[in-house]
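Below is one structure, written out as structure tokens; comments come after it.
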Amino acid sequence: MPGMSDRTDSELQFMKMHGLGNDFVVVDARARAVELSETAIRAISDRRRGVGFDQLAVIREAADGIHLTFYNADGSTSAACGNATRCIARYLMDETGKSALSLATDRGVLQARDAGDGLTSVNMGLPQLDWQEIPLAEAADTLELPIEGGPVATGMGNPHCTFFVDDAEAIPLEEFGARYEHHPLYPERTNVQVAQITGPDRIRMRVWERGVGVTLASGSSSCATAVAAARRGLTGRSVQVDLDGGTLWVEWREDGVWMTGPTAHVFTGVLRPDFPEGPA
Numbered sequence: 143m144p145g146m147s148d149r150t151d152s153e154l155q156f157m158k159m160h161g162l163g164n165d166f167v168v169v170d171a172r173a174r175a176v177e178l179s180e181t182a183i184r185a186i187s188d189r190r191r192g193v194g195f196d197q198l199a200v201i202r203e204a205a206d207g208i209h210l211t212f213y214n215a216d217g218s219t220s221a222a223c224g225n226a227t228r229c230i231a232r233y234l235m236d237e238t239g240k241s242a243l244s245l246a247t248d249r250g251v252l253q254a255r256d257a258g259d260g261l262t263s264v265n266m267g268l269p270q271l272d273w274q275e276i277p278l279a280e281a282a283d284t285l286e287l288p289i290e291g292g293p294v295a296t297g298m299g300n301p302h303c304t305f306f307v308d309d310a311e312a313i314p315l316e317e318f319g320a321r322y323e324h325h326p327l328y329p330e331r332t333n334v335q336v337a338q339i340t341g342p343d344r345i346r347m348r349v350w351e352r353g354v355g356v357t358l359a360s361g362s363s364s365c366a367t368a369v370a371a372a373r374r375g376l377t378g379r380s381v382q383v384d385l386d387g388g389t390l391w392v393e394w395r396e397d398g399v400w401m402t403g404p405t406a407h408v409f410t411g412v413l414r415p416d417f418p419e420g421p422a
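In our numbering, the protein residues as written are 143 to 422.
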């Protein structure tokens, strides 16, 4: 396959998964060395000419155990992807019969477990609240950034910018998200959330993911928004987050931010050896 270091005369098997419509292409590279170029990732992400995804994840064996690497639709990498981690955890728990396991990521080693009733939980680790860790371009109050609307900055292995608004549905997210993803205060770009408090410990949230655009859900964004709401005193530390694609439950505990929700393995497929340079 062009863009891959493996043999070009063999097909690449993949799985299509999603968590609340936040969808992924997952490549299990434990038994076969796979390296995807940025060009190949972008081609696979194309929803008309490829497979389509919000993120692509590669599962590999490593010194620290099973390691997950995440890529955005534009080919850039991300240290964290909460919903993809939950999907892969469910796949591996079904494979091994285990009800709990550890997964290494560039964010760190994350703990996952079967939450019952078809739900899967993952501990996304402790939030990063210092401006240098997120990171921001300069020192700033992360609880109220010097940006119109006074958003909250949070790191969950990737940067987040959360705006609390009166009506999340009224925000033109395509324009709003694109504007703030590239704000100069965020040197690595940022995920953007608009969040509305809709009840006791309940949040309506919509999300723009850096390198992707508007998505139906985002696990790390849900965690960041829950942390931001708790820091602001708008909610407690255990909340329900209602996204365009469904509901996640997030709890900020002493050992990290736990996120729980459903997952789906939609289908398994193969990419032809001549992709992405096959017939248009």
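For glycine and all other residues, C-beta sits at the position ideal for the given N, C-alpha and C.
State whether the stretch 385-398 contacts the stretch 355-372, with contact taken as three or more CB pairs (one from each stretch) at a distance under 8 Å.
yes
Contact defined as beta carbons within less than 8 Å: I believe valine 356 pairs with asparagine 214. What is the distance between those atoms, to the nearest angstrom?
In the sequence shown, the residue the question calls residue 356 occupies position 214. In the sequence shown, the residue the question calls residue 214 occupies position 72. Not a contact, Cβ separation roughly 13 Å.
Take leucine 261 and list the residues in its own chain whose beta-carbon comes closer than 7 Å to its own, dropping the five residues that flank it on each side.
Counting from one through the sequence shown, the residue named residue 261 turns up at place 119. Thr402, Gly403 and Pro404.
What ranges does the alpha helix (DSSP H) occupy inside the stretch 158-195, keeping only unbroken runs of at least 4 residues that lie completely in it?
180-187
Looking at leucine 358: is its Cβ nearer than 8 Å to the Cβ of leucine 315?
What you label residue 358 is simply residue 216 of the sequence shown in a count that begins at 1. What you label residue 315 is simply residue 173 of the sequence shown in a count that begins at 1. Between leucine 358 and leucine 315, the CB-CB gap reaches or exceeds 8 Å.
Could you say which of Val176, Leu285 and Thr284 lies nearest to glutamate 153 if we only look at CA atoms?
Translated into the one-based positions of the sequence shown, residue 153 becomes position 11. The option with the nearest alpha carbon to glutamate 153 is Val176.
With 16 other CB atoms within 10 Å as the buried threshold, where does proline 418 fall?
The residue given as residue 418 occupies position 276 in the sequence shown. By the 10 Å Cβ count, proline 418 comes out buried.
Please classify aspartate 342 as buried or exposed, where buried requires at least 16 neighbouring CB atoms within 10 angstroms.
Here residue 342 refers to the residue found at position 200 of the sequence shown. Checking the displayed sequence, the identity of residue 342 turns out to be proline instead of aspartate. Classification of proline 342: exposed, given that the 10 Å Cβ count is below 16.
Taking only the alpha-carbon atoms, compute the straight-line gap between aspartate 196 and phenylalanine 166 and give it to the nearest angstrom.
Counting from 1 along the sequence shown, the entry for residue 196 is found at position 54. Counting from 1 along the sequence shown, the entry for residue 166 is found at position 24. Approximately 6 Å between the Cα atoms of the pair.
When we look at the beta-carbon of proline 421 and count the other beta-carbons within 10 Å, is it buried (16 or more) or exposed?
Taking the first residue of the sequence shown as 1, we reach residue 421 at position 279. Any answer about proline 421 is weak, because its pLDDT of 34 lies below 50 and its placement is not dependable; what the coordinates show is given next. Flag for proline 421 reads exposed.
Please report the residue range of the beta strand (DSSP E) in which proline 246 lies.
As a first step, residue 246 is located in the sequence shown; it is residue number 104 there, counting from the start. It is worth fixing the name first, because residue 246 is alanine in this sequence and not proline. First-last of the beta strand (DSSP E) with alanine 246: 242-247.
Sorted by chain position, which residues of the same chain lie with C-beta nearer than 8 Å to threonine 219's C-beta, five sequence neighbours on each side aside?
Taking the first residue of the sequence shown as position 1, residue 219 is located at position 77. The residues are Thr211, Phe212, Tyr213 and Asp248.
Identify, in the order they occur along the chain, each residue of the same chain with its Cβ nearer than 8 Å to the Cβ of alanine 221, setting aside the five sequence neighbours on each side.
In the sequence shown, residue 221 corresponds to position 79, counting from 1. The answer, listed in chain order, is Phe212, Thr247, Asp248, Arg249, Gly299 and Asn300.
Sequence-distant residues of the same chain with beta carbon closer than 7 Å to glycine 291, five excluded per side
As a working note, residue 291 is residue 149 in the sequence shown. Taking C-beta separations shorter than 7 Å and ignoring five residues to either side along the sequence, the partners of glycine 291 in its chain run Phe305, following chain order.
Is the beta carbon of leucine 268 sitting closer than 8 Å to the one on asparagine 225?
Residue mapping note: residue 268 aligns to position 126 of the sequence shown, counting from 1. Residue mapping note: residue 225 aligns to position 83 of the sequence shown, counting from 1. Note that the C-beta distance between leucine 268 and asparagine 225 is not below 8 Å.
Residue interval of the alpha helix (DSSP H) (run including valine 354)
Taking the sequence shown and counting its residues from 1, the one referred to as residue 354 is at position 212. Run containing valine 354: none; DSSP gives neither H nor E here.
Can the beta-carbon of methionine 157 be found less than 8 Å from the beta-carbon of threonine 332?
Residue 157 sits at position 15 when you count from the first residue of the sequence shown. Residue 332 sits at position 190 when you count from the first residue of the sequence shown. No. Outside cutoff.
List the DSSP bridge partners of cysteine 303.
The residue given as residue 303 occupies position 161 in the sequence shown. In DSSP, cysteine 303 forms a bridge with Ala295 and Val334.
Can you name the start and end residues of the beta strand (DSSP E) that serine 263 belongs to?
The residue labelled residue 263 in the question sits at position 121 within the sequence shown. Here the beta strand (DSSP E) through serine 263 covers 261-265.
Decide if threonine 227 is buried, meaning its Cβ has at least 16 other Cβ atoms within 10 Å, or exposed.
What you label residue 227 is simply residue 85 of the sequence shown in a count that begins at 1. With 16 or more other Cβ atoms within 10 Å, it is buried.
Starting from glycine 217, follow the beta strand (DSSP E) in both directions and report where the run begins and ends.
Position 75 of the sequence shown, counting from 1, holds the residue named residue 217. Unbroken run through glycine 217: none, as it is neither H nor E.
Report all residues from its chain with a CB closer than 6 Å to the CB of glycine 319; omit the five preceding and five following residues, and keep chain order.
The sequence position of residue 319 within the sequence shown is 177, counting from 1. The answer, listed in chain order, is Val334 and Trp350.
Please look up how many angstroms separate the CB atoms of glutamine 253 and valine 412, rounded, as I've assumed it's under 8 Å.
Start at 1 with the first residue of the sequence shown, and residue 253 comes out as number 111. Start at 1 with the first residue of the sequence shown, and residue 412 comes out as number 270. The pair is not a contact, with the Cβ atoms about 32 Å apart (cut-off 8 Å).
For isoleucine 201, the first and last residue of its enclosing beta strand (DSSP E)
As a working mapping, residue 201 is identified with position 59 in the sequence shown. Segment 197-204, the beta strand (DSSP E) holding isoleucine 201.
Count the other CB atoms, across all protein chains shown, that sit within 10 Å of the CB of glutamate 311; report buried if there are 16 or more and exposed otherwise.
Start at 1 with the first residue of the sequence shown, and residue 311 comes out as number 169. The residue is exposed, with fewer than 16 neighbouring Cβ atoms inside 10 Å.
Let me make sure I understand the geometry here. Which of Glu286, Asp259 and Ser263 has the alpha-carbon closest to that of aspartate 272?
Within the sequence shown, numbered from 1, the residue matching residue 272 stands at position 130. Selected option, being the one with the closest Cα: Glu286.
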